[in-house]
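Below: one structure, written as structure tokens.
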Amino acid sequence: MKRFVLIFLILMSAQCAFALDIVYPKKNNVVINAKSSFIVGSANPKKELTINGIKVNVHPSGGFAYVVPLKVGKNSFTIISDGEKLIYDITKPAPGASANPAAPAALKEYEDLKYAQVVNENSPLRSTAVNSGINRIAHLQKDMPLVLDGEKGSFYRTILGSMKTGWIAKSDVKLIDSGASLAELKGYDTLDTPEFNIYVFHLNKMIPYELVEGSPFIVRLFNVENNPENTYELKIPQQRLYGYSARFSGTDFVVKIRKVPPVDKSHPLKGINITVDAGHGGNESGAIGCLGNLEKNTNLEFARLLAQELSHRGANVSMTRNDDSAVGLRERVEFANEEDSMILISLHGNSLPDGADPIANNGTEIYYYYNQAKPLADSILKEIVSQTGMNDHKVRQSSLALVRNTNALSILIELGYMINPSDNSKLVDKEFQKKAVKAIADGIESFLKI
Ligand SMILES: [Zn+2]
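Residue numbers (the working numbering): 70 to 519.
Here you go:
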């Protein structure tokens, strides 16, 4: 009887592993408005798989991904493997009567200045009147007063000194009756702690600012009286940045710049605070791999291994989640900052939109937003590519919440494409996972040793 149960279980599991399973499209009869889509899933790699009679390559792990061009109307796909047959319909809508594209919003300059106050924490001050991309000058605190000289679409234009302007979303401010255009800077103090160089600028009101990374590091305060172009600039000699923050405390502007950490070359990670972030979690599954594996779980597996590896090498590691809980994006960043982390690494598996090619897109890519984090991203990607053989899908600058954090060197690693059968088979492979986290740890170490 026992033996019978065992054989039954083996048969069941074998059957489950090789049953024809479609993970994308997520359900039948979907509407997709793109030139193409893809059918992604798993099937028995030893049997022939066909879609509308055409033989489709199945990776030895069982995963497959196949691009299907879409024509307007109903597109029907018959998927056959090992005697199983599934029919999926995808409808591509007819192009709508081409409505005249909305005319670009016109700039309206005010005859008299207007005054406003920031109503949301961390409101982006942008260099262009566009609500996306890498056009952020600073993130402004709630209650900061601003002087407005115009508007365009959903943005107000705000004065930054006498030669520059910036843009803030109308929804991030409220108009107020009056205000002062310029602030008075009474001077600044410097504080020297073991970890930070701190600059405290004594002002009589909050004003917009800009921090420019580089050597020197520039603190630029706008709308300060008795300064050329109403802009005060302090150039701070700094070789390399390891995180910094800027915040008003009352009307004092406090800039904290992390000092170059003392690095023991034989144990570079010793004493370094690192936050490891497993992307997604809870009812946010993230992408889905062709074997039906969920990104949130894969991310957590990598995060746990990475945390272990870094701890073994002497780092103080904290994790934004160590179970299947849902954690907000802002919460993750705040957690890393509360832990005083010098490095924040977010781990993800990549996905693709309809119209893209899941076979051509493969490999590891690393995102950063602030330039200070790019050398770390470069160093880690170099180690991942050379130690694991993953395709170099480049270090890229992108405006993602987890990397828009200056306090730590913040990067987001897309280890591989979950939709790509070869990448995905590696992401779920324990040996690969170990190799990848070793490469990440080596990449951090070689970055610290420079
Ligand atoms: Zn993700």
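By construction, the Cβ of each residue, glycine as well, lies at the ideal position given by its N, Cα and C atoms. From a predicted model like this one, the values you see are computed outputs, not experimental measurements.
Query                                                                                                                                   : Result
Expected contact under 8 angstroms - CB spacing of Y311 and V288 to nearest Å                                                           : Y311 to V288, Cβ: 17 angstroms. No contact.
Validate contact between the stretch 325-342 and the stretch 359-369 using beta carbons, cut 8 angstroms, 3 pairs                       : no
Spatial neighbours of M81 in its chain, beta-carbon cut-off 6 angstroms, leaving aside the 5 residues before and after                  : Below a pLDDT of 50, predicted positions are generally treated as unreliable, and M81, at 43, falls in that range; no measurement from the model is reported.
Identity of the residue in N352, N440, E253 nearest D393 by Cα                                                                          : N352
Run of the alpha helix (DSSP H) containing I203, from where it starts to where it stops                                                 : Unbroken run through I203: none, as it is neither H nor E.
Residues surrounding ligand 1 [beta-carbon distance to nearest heavy atom under 5 angstroms]                                            : G348, G355, H417
Spatial distance of V506 from G165 (CA atoms)                                                                                           : 48 angstroms
Beta-carbon proximity check, Y437 vs L445, cutoff 9 angstroms                                                                           : yes
Three-state secondary structure assigned by DSSP to L413                                                                                : strand
Distance, K328 Cα to P263 Cα                                                                                                            : 8 angstroms
Contacts around P490, its chain only, beta-carbon distance under 6 angstroms, and the 5 residues preceding and following it disregarded : H128, G132, F133, A134, C359
Beta bridge counterpart(s) of H381 as assigned by DSSP                                                                                  : Bridge partners of H381: none, in fact.
Residue-chain proximity (N113, chain C), Cβ-Cβ < 9 angstroms                                                                            : Of the protein chains in this structure there is only one, and it is not chain C.
Where I305 falls: helix, strand or coil (DSSP)                                                                                          : strand
Extent of the continuous alpha helix (DSSP H) to which T457 belongs                                                                     : 443-457
Own chain residues within Cβ distance below 6 angstroms of V125, not counting five before or after                                      : L118, F133, Y135
Test item: CB-CB of L215 and I228 under 9 angstroms                                                                                     : yes
Residues near V74 in its chain [Cβ-Cβ closer than 7 angstroms; skip 5 each side]                                                        : Because the pLDDT of V74 is 47, which lies under 50, any placement of that residue in the model is unreliable, and the question is left without a value.
Straight-line gap, E400 to K211 (C-alpha atoms, nearest Å)                                                                              : 18 angstroms
DSSP state of S130 mapped onto helix, strand, coil                                                                                      : coil
Pair within 9 angstroms by beta-carbon distance, H349 and H417                                                                          : yes
Endpoints, beta strand (DSSP E) assigned at N266                                                                                        : 265-272
Same chain, Cβ closer than 8 angstroms to Q502, neighbours up to 5 away in sequence not counted                                         : E370, F371, L374, L496
Contact set for F224: own chain, Cβ-Cβ below 7 angstroms, skip 5 residues either direction                                              : A198, W236, I237, A238, K239
Contact belief for L527 with S111 at Cβ below 8 angstroms, rounded distance in angstroms                                                : As displayed, the chain neither begins before 70 nor continues past 519, which places residue 527 out of reach and without an answer.
Cβ contact (3+ pairs, closer than 8 angstroms) linking the stretch 474-487 and the stretch 405-415                                      : yes
Stretch-stretch touch, CB-based, cutoff 8 angstroms, three pairs: the stretch 179-186 with the stretch 147-155                          : no
Rounded C-alpha distance that separates D246 from A395                                                                                  : 42 angstroms
T367 (DSSP reduced to helix, strand or coil)                                                                                            : helix
C-alpha gap between A185 and I326, whole angstroms                                                                                      : 30 angstroms
Beta-carbon contacts of V188 that lie in its chain and below 7 angstroms, excluding the five residues immediately before and after      : K211, D241, V242, K243
Exposed unless 16 or more other CB atoms sit within 10 angstroms - verdict on P306                                                      : exposed
DSSP state of Q502 mapped onto helix, strand, coil                                                                                      : helix
Enclosing beta strand (DSSP E) for D241 [first to last residue]                                                                         : Looking at the DSSP string, D241 is not in any beta strand (DSSP E), and its letter there is neither H nor E.
Span separating the alpha-carbon of A88 from that of I120                                                                               : 16 angstroms
Where F73 sits in the DSSP three-state scheme                                                                                           : Because the pLDDT of F73 is 48, which lies under 50, any placement of that residue in the model is unreliable, and the question is left without a value.
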